[in-house]
Amino acid sequence: MSRSQQCVQCKGRGFCGLPKCPITSRFYAKLKEKPRPFESYMGESPSVFIGSYSYPKVAGGPMMTGQADDPEDWVKKGCSIDDIVAMRSSTVRGSKTLNAAAGKAFLARTADSIQEVAISQKPIDIEVAFEKPVSFDLKFDGTLAPVGLSGEIKKMDVLDNAFVPRIVDKITSDGDLRAVDGMYELFKGGIDVHHIQNVLGAGLLGIEKNRRFVPTRWGITAIDDSISRRLKSEVMKYPPIS
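Residue 191 in numbering that gives the first Met the number 0 sits at position 192 of the sequence shown; the count goes up by one each step and never skips.
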């Protein structure tokens with residue numbers, strides 16, 4: 000197996016036997032200055048993240064960054080892997096323990112604020128106080144985009160009104176529509192997959208009594224699988240090309 004093939008499979012987990020990953024080491028060497036520890040954040044939040052560890056009691060919260068958090072936008076701008084990692088190194092992931100299985104019954108203040116961030120098509124301003132100072136700790140993952148900082152939320156306030164497209168408001172307000180159908184309706188309505196992922200993750204899709212917070216990792220897989228299956232079934236209805 001070549002070094003490049005090994006790196007693709009390893010993703011920084013040390014399969015090569017070296018004391019430090021050469022790829023992550025190269026990136027750290029390019030970092031001019033690591034962010035200093037801080038106890039609060041005030042600024043934009045473009046999306047949310049819901050963890051999967053210890054499900055149904057998961058850690059979830061807003062992603063805090065002044066830059067675009069949409070992978071489709073990264074592609075349009077022609078961002079390289081180094082560019083993306085550099086952007087994500089300054090991204091803060093806030094977290095608060097959420098009971099994913101409790102649905103609407105658990106809509107405490109922080110959970111409600113997380114849903115406001117998730118449903119908005121545009122980044123909204125928030126103010127967050129952390130339990131302890133947040134420090135730099137860049138982590139890589141084979142499925143999720145890297146994150147430079149993370150901290151436990153002590154208090155969170157939304158300072159803006161969410162910008163909610165009409166189709167999103169309609170689908171999330173329909174408590175009789177299955178999540179799988181809601182995802183496809185949003186996709187057909189022109190809502191990008193990244194936004195659908197946020198809405199699903201925040202427990203805003205599906206039959207009202209069954210709504211749950213969905214871990215981001217699971218949501219990515221569920222949306223890709225669901226939409227691709229529906230598109231495939233639609234394509235199969237067309238006559239063959241001669």
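All C-beta atoms, glycine included, are put in the ideal place defined by N, C-alpha and C.
The residue among Asp69, Met235, Glu184 with its C-alpha nearest the C-alpha of Val47 is Asp69.
In the three-state reduction of the DSSP assignment, Lys153 falls in the strand class, which pools E and B.
Every unbroken stretch of the alpha helix (DSSP H) spanning 4 or more residues and falling wholly within the region 177-237 is given here in chain order: 178-187, 192-200, 215-234. Assignment of Arg92 by DSSP, reduced to helix, strand and coil, places it in the strand class.
Taking C-alpha positions only, Ser94 is separated from Tyr237 by approximately 46 Å.
With a 10 Å radius around the Cβ and a threshold of 16 neighbouring Cβ atoms, Glu71 comes out exposed. Out of Cys15, Thr171, Gly150, the CA that lies nearest to the CA of Arg210 is found in Thr171. For Ala85, there is no enclosing beta strand (DSSP E); the residue is part of the alpha helix (DSSP H) that begins and ends at 80-87. Counted as a single uninterrupted DSSP element, the stretch harbouring Pro70 is not any beta strand (DSSP E) but the alpha helix (DSSP H) occupying residues 70-75. When the five nearest sequence neighbours on each side are left out, the beta carbons in the same chain lying within less than 6 Å of the beta carbon of Val179 are those of Ser225, in order along the chain. A check of alpha carbon separations from Thr96 across Met41, Gly181, Gly59 identifies Gly59 as the nearest. Taking a cut-off of 8 Å on C-beta distances, the region 198-212 does not touch the region 128-137, as fewer than three cross pairs fall below it.
For the 9 Å CB-CB criterion, Pro55 and Ala99 form a contact.
A contact is defined here as three or more CB-CB pairs under 8 Å, and the region 113-122 meets this definition with respect to the region 147-161.
Taking a C-beta distance under 9 Å as the contact criterion, Val146 and Arg216 do not qualify as a contact pair. If you ignore the 5 residues before and after Pro36, its C-beta comes within less than 7 Å of the C-beta of Pro132, Val133, Ser134, all in its own chain and listed in chain order.
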